[in-house]
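Asker: Residue numbering for the sequence shown follows UniProt numbering, beginning at 1 and increasing consecutively.
Beta carbons: idealized from backbone N, C-alpha and C, even for Gly.
After the structure tokens below, expect a handful of questions from me.
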Amino acid sequence: MSGNKPVTRPTRLHGLLTQPLISSPVINWILPARLRDKDHNDVAFIGERRIQIKEALPSGHLQDVVEKSDLEGSLIGAKVINVSTELPWESQARSELEPPYDNDNLPPQLLFLATDSNELLFMYCSELGDGPFVSYNRPLPRDVNIADKYGKHIAVDPKSRAVAVSASRNFFGVLWLEHPGELQMQMAQGKLNPLESENFFQVDGDILFMEFLYPKDINDKRTILLLIVHRLGTTRSMVFEWDEASTVSRANPKMTSTCLPQQDQLPSMVIPLAKESSYLLITTNSMAMYTPNCSSRPMRYPPIIPDAESSEAGLWTRWARPSRNWMYSQRYDGIFLCQEKGWIYYLEFGNDGELETQTSLGQLHCDVDTAFDILDMGHEGGDFILAAGSQGDGGLFVQEARDHPRCVQRFLNWAPVPDAAVIPSNTSGLFKDTPYDHDRLFVCSTSASGNGAITELRYGIEAQIGVSAALGGLSSIRGMWAVSLGARDSIYLLASDPLSSLLLHTTPDMRDGITALQNDAEMEIQQTLAMDCTPSGVIVRVTEKVVHFFFPTAFYLSSCIQHDPLVFVTAAIVDGPSSTIIMTTRSENGNFLHLLRIVVTEGGSASLSAHEAPYPLQKEPICIAYQCWGDFGSIFLGTSDGTVLSFEVYNETGGIRQHVDTRISVTDTAQDMSKAIESLAVIKTLSDDRIHAFLFCGLRSGMLVPFEIDTNTTNVHGDPVFGFKCLRQRAPRHLGQTSINIKTHNKFAFFTCGDDFWRVSFAPDGDGFDYFLSRVWITDQNCPAYFPIRFSGFDLVDVRDKLSRTITTYMFCFADGQLLVCSLDQEAKVVPRRIDIPGNPSKLTYSDHLRCLIVSYSVVQIREMPLYLSRTACVEFVDPDTQSPVVSNDMNLVTQGLLPWRPHGVAGEKITCILDWMPYKDGNAYHLIAIGTSIGLPHQPTTRQGRLMLIQASRDAIDPEKITCIDKHTQWFNDPVYAMTAYGDSLIIVSGKRFFTVSSRNSQTKWVRNITGVLPSPAVAITMEGGLIYVTTSRHSLVVYKIVNGDIVMHGSDPIARDGLSHNFLEANASQSDLIFVSTRGGAIRTFACLDRPGDLVPRPTANLPVSLIKLARGCKPPAALTTTKTFYGFGINGSVYRLLCLDAKEWHLLRLLLNICLRDEAICPSLARRHRYLDAISQVENSKHIDGNILARLASRNSKYLDEVLMACNKSQFKDLTPDTVHMFFEAVQDVLGVYDNHTQAVFSWLRNMLHIEI
């Protein structure tokens, strides 16, 4: 049996699946590194556990290329190794010995990384290896304690002869690299083993900095390593020197140690200078230049104070050396110096090492404490600066001569995250009514500038707006087509409404803007039905009465052919590559299908040729799709009654043969739902030497109906051949209430439905069941909260850059009354949408009653006293779909009635918790917002009190977009209010370590005056479910209390004291008890069951993640492909987001077997140590019941054939413990979960991909 649905059965928790949905946006290093070849100007963006490779385009923007996230440890160091040994002044003085492989396709640089898992990683990009990256792992010595673990500092020799790695104290090592010729030989073979030898050394003290110094000149063969070491209150510079001639001397370098002056004891930066083997040592108060021979007599310079209004120099955090020409490098060494607040200076040092000039370049207006470098774009008029920080956005800046830096591309950063909220996409009243349901994830983030934001974390394909323009009288676009004439560097765009058409011309860089070429309103024709461009460069478009031929290079050759006056074209398509027009017509004789060839003569004139007579049709089509398979093609027609008409076309003769009609089957829908097919699209892919294809039907009712195109047929002799056989319908998707307009572009299909934009893609192996939908998010860098709400038409076009041969996809769409020209990404990623807040937010929640977000934020106010800052906490109501920043709550404007009143605290008061409360009394519901605060007492900075505010808020009756609120009740407590929860018509408050209750006078719940229960430590989260109170405490994990006779008493607890962060509750069903998920510091997620039993709680299962989750939230949409009905999300303070899914026994057993296979596979888990791979990793899965979805996602990115090969390799090499019995057990597990299939590995891959697919 094939195509069975998963087996349904009762759900019991036996395992926990965690999957990273969104990586941390924090960028720790930005390194220009040509990792593919010398013609691609690549830049490596390196985060905590992710490496992104972007390419710098000639337009001055960065485009995503590839990403690597299969690292087993966090990255703690990153450098670039030049395979070429050129120094800045050596570009015209090369050695006569050229490398044996002078191949332009080889990368000239390597990426050198250190991880906290105690290993070094060398890598580059190549198409020859298994995957986009070729890497080499070097484990470091582990016979040191945690404080002495290697990787704290890494350095690269300027001539790429060696790299160095050190621990935070006492130990460092020098690893000598192979000759560049040997490295290039390895790269040519798709391999990498860069190390020749290594030596490790010991020093006494804390290693503050480690850098290689430049040789004095070309003839200087020394390798010089500088260490700044602090011990017993004294900081010393230690210089180690090696002679290149002797390999034996590598173990015994010459060492010179010098004590640094008092003012240089704690430097903030050490910069090697390219002149005289000197280095620059910078502190907050001084800047000194040292040389190895004169370390006791530095050349000192006055501190740089970038801000004229500031009396302090500030902290200089990053530096970079720009690329300069040979002539400049002969005389100067240029250094960019950056301060934490974004001030940048340019320093020039002469040949004697002295500072000759220093120039202030202005401010970047972003926090710069992590990443800073200079990108060589070949731009003679200025430099491109890359900068990023741990708080706030980074960006790509252009530094023109004699001008301030200007941001041309922003890198959004939503970290750090203090709170988060998950809301449903379908909420009545405010949002659109669509049957497609998904979770919307919002986080609030703080910034070093004091202006934070609420960020919606979306996942999909980003289309970034480059240009927007109005189209004059065209306001209701029905169709849009775009073609690219690459040889002429031109893009032609046609927009059509029901009465006219407009032909536009532009270029990829938009250097000449957008020009209108032709307006058909003057020619009295109807709207355009189809358009495309032939290989000879003729733009052909079809209307209801005319076929137009437009010659872009020779306007005088443009012409048109009129149809018969009694014939009307009902649908058409122009296939440019085959110079074919396919159209259907209606006349008094009936409906007909026409196949016309476009003929262009040598003189340049165009005409139409029909090889066959029109083919009669029984039904009138609405839309057409055409797919060329080579010698023949397929035509699909969609009708108003939901019928797909299929035809086979013989391209050589033009003959048409009709196949059996296919009716769309849509079940479980309203009787009056339209089955009319509005649009058709075909996508195909090549896998396993055969073509896999899908036909997608977009219905007017908002349904997307997919058909698998079966092309396995037989000839007259019974031999299998390629040809059209039939259409097999797959499960439809209901995505909206309006028509679906779908188009094919390369191997994808794109469609709009209402105000949603989607992309359809195939699975890697082209399985008929595996197609995936990804949202297309249109973004505006100048308005980060923008998203279009009305789509009228769109099309896409590819443009190949002449130099780098990089393909850029441009999307043209008409939305919100504007023509938007966007650059479209190829891969799905996180696409944030940011709502700016006039302060740093701290708490975020969602109100179902108000249908809006409630955010608290603090505003810094500078008082008259020097260095005295006062923070005021404010509360605001934010529409999740707003496209405007939040307006500051100015009390003067509130007093004048220009702004509504909002809750706010007194100076120094902090909002600690917000609860959206809906109490019921006498059958009536009331809505209140409870706000808990913490406030310091005057003249007692260590003592704090708490306050409870009850706010009544409602939408304005006249203007529902506005929310008004009034203060209903205020109550003070002796200790801060840390958490609160609702119990009927009462509030349970945690103030300090004690419980308090707040009720109305006529409350149905009666409480004792002094509650017995006392918390062991302050609460961070509290939940009331089924008579039990669940409290996560800051020092003692989960504690459970019970309400008994109006009192709160201890019921159970986690016996192990852990630092709690958050929890969330999963309600019991018929076959499962209540569950609660608890996150603690260190990244642990524990699940507790049997909560109604008193005593100690035992966690099972447990997941250990690389980041601590500060917030756990329950999703609204049930997960796909699993028996559980709830999805949980975990939010890290670093901006990462995880998905948590419950597994029953059979699902956990199947995924455990898959995970064991992945852990054995060095291609999927390349960074695991051998002992951990074969012993520790498997036992950890067994004991914790935790399934790592990140590893399974690496398997799902491959194809089912790969898994077949692994299963066939049992008893061999790395899969030696994968026995035939284990393989049999695996297939039995597949049947237990999914049922019986013809191809079990294909079935499990479809199930796995569906489960791991991200839709947020």
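Excluding the 5 residues preceding and the 5 following residue 244 in the sequence, name in chain order all residues of the same chain whose CB lies nearer than 6 Å to its CB.
Answerer: 221
Asker: Do residue 18 and residue 73 have their CB atoms nearer than 8 Å?
Answerer: Result no, Cβ atoms of residue 18 and residue 73 do not sit closer than 8 Å.
Asker: Which residues in the same chain as residue 1256 place their Cβ atom closer than 8 Å to its Cβ, once the five residues preceding and following it in sequence are excluded?
Answerer: 21, 438, 439, 440, 441, 457, 458, 459
Asker: Rounded to the nearest angstrom, what separates residue 551 and residue 649 at their Cα positions?
Answerer: 28 Å
Asker: My assumption, with CB atoms under 8 Å, is that residue 1234 sits in contact with residue 1243. Please give the rounded CB distance.
Answerer: 5 Å
Asker: Under a three-way DSSP split, which group does residue 1258 fall into?
Answerer: With the chain running from 1 to 1256 in the structure shown, residue 1258 is simply not present.
Asker: Could you tell me whether the segment 630 to 649 touches the segment 553 to 568, using the rule of 3 or more Cβ pairs below 8 Å?
Answerer: As far as the Cβ criterion goes, the segment 630 to 649 does not touch the segment 553 to 568, which means the pair count is below three.
Asker: Does DSSP put residue 1224 in a helix, a strand or coil?
Answerer: helix
Asker: Compute the Euclidean distance between the alpha carbons of residue 681 and residue 810, then round it to the nearest angstrom.
Answerer: The straight-line gap from Cα to Cα measures roughly 19 Å.
Asker: If you draw a straight line from the C-alpha of residue 377 to the C-alpha of residue 176, how long is it?
Answerer: 31 Å
Asker: Is the separation between the beta-carbon of residue 1127 and that of residue 1144 shorter than 8 Å?
Answerer: no
Asker: Would residue 928 pass as an interface residue toward chain B - the criterion being a Cβ-Cβ separation below 8 Å?
Answerer: You won't find chain B in this structure, because it holds only one protein chain.
Asker: How should residue 1108 be labelled, buried or exposed, when 16 other C-beta atoms within 10 angstroms of its C-beta is the threshold for buried?
Answerer: buried
Asker: Just list the beta strand (DSSP E) runs in the segment 206 to 245, keeping only unbroken ones of 3 residues or longer that don't cross its boundaries, in chain order.
Answerer: 223 to 231, 234 to 242, all fully within the segment 206 to 245.
Asker: Applying the criterion that 16 or more other CB atoms from any shown protein chain within 10 Å of the CB defines a buried residue, is residue 183 buried or exposed?
Answerer: With 16 or more other Cβ atoms from the protein chains shown falling within 10 Å of its own Cβ, residue 183 counts as buried.
Asker: Can the beta-carbon of residue 1103 be found closer than 8 Å to that of residue 1184?
Answerer: yes
Asker: For the putative contact between residue 917 and residue 929, defined by C-beta atoms under 8 Å, what is the C-beta separation to the nearest angstrom?
Answerer: 7 Å
Asker: Tell me the DSSP secondary structure of residue 561 in three-state form.
Answerer: Strand.
Asker: Which of helix, strand or coil does DSSP assign to residue 898?
Answerer: coil
Asker: Return helix, strand or coil for residue 294, following the three-state DSSP convention.
Answerer: In the structure shown, residue 294 adopts helical secondary structure according to DSSP, grouped into three states.
Asker: Is it buried or exposed for residue 470, if we count other Cβ within 10 angstroms and need 16 for buried?
Answerer: exposed
Asker: Between the Cα of residue 878 and the Cα atoms of 785, 910, 45, 124, which residue gives the shortest distance?
Answerer: 785
Asker: Could you check which residue in 50, 538, 904 has the C-alpha nearest to that of residue 948?
Answerer: 904
Asker: Cβ of residue 1018 within 8 Å of Cβ of residue 418?
Answerer: no
Asker: Let me know if residue 1237 comes out buried or exposed under the rule of 16 or more other beta-carbons within 10 Å of its beta-carbon.
Answerer: Label assigned to residue 1237: buried.
Asker: Should residue 555 be labelled buried (16 or more other beta-carbon atoms within 10 Å of its own) or exposed?
Answerer: exposed
Asker: Less than 8 Å separating the beta-carbons of residue 1060 and residue 1032?
Answerer: yes
Asker: Give the secondary structure of residue 1158 by DSSP, where H, G and I count as helix, E and B as strand, and everything else as coil.
Answerer: Helix, per DSSP.
Asker: Using a Cβ-Cβ cutoff of less than 8 Å, which residues in the same chain neighbour residue 1210 once the five nearest sequence positions on both sides are dropped?
Answerer: 1218, 1219, 1220, 1222, 1223
Asker: In the DSSP assignment, find the unbroken alpha helix (DSSP H) run with residue 1204 in it and report its ends.
Answerer: Residue 1204 -> alpha helix (DSSP H) spans 1200 to 1208.
Asker: Kindly indicate which residue of 1161, 1166, 1231, 338 has the alpha-carbon position closest to the one of residue 1203.
Answerer: 1161
Asker: Let's test the definition: count the other Cβ atoms within 10 Å of the Cβ of residue 614 and tell me whether it reaches 16, buried, or not, exposed.
Answerer: That one is buried.
Asker: Which ranges does the beta strand (DSSP E) cover as unbroken runs of at least 3 residues, wholly within the segment 953 to 1000, from first to last along the chain?
Answerer: 963 to 973, 977 to 983, 986 to 991, 994 to 999
Asker: Can you name, in chain order, every residue of its own chain whose Cβ lies under 7 Å from the Cβ of residue 1271, other than the five neighbours on each side?
Answerer: Because the chain spans 1 through 1256 in this model, residue 1271 falls outside it and cannot be assessed.
Asker: Which residue's Cα is closest to the Cα of residue 445: 33, 472, 724, 833?
Answerer: 833
Asker: What is the DSSP secondary structure of residue 629, reduced to helix, strand or coil?
Answerer: It is coil, neither helix nor strand.
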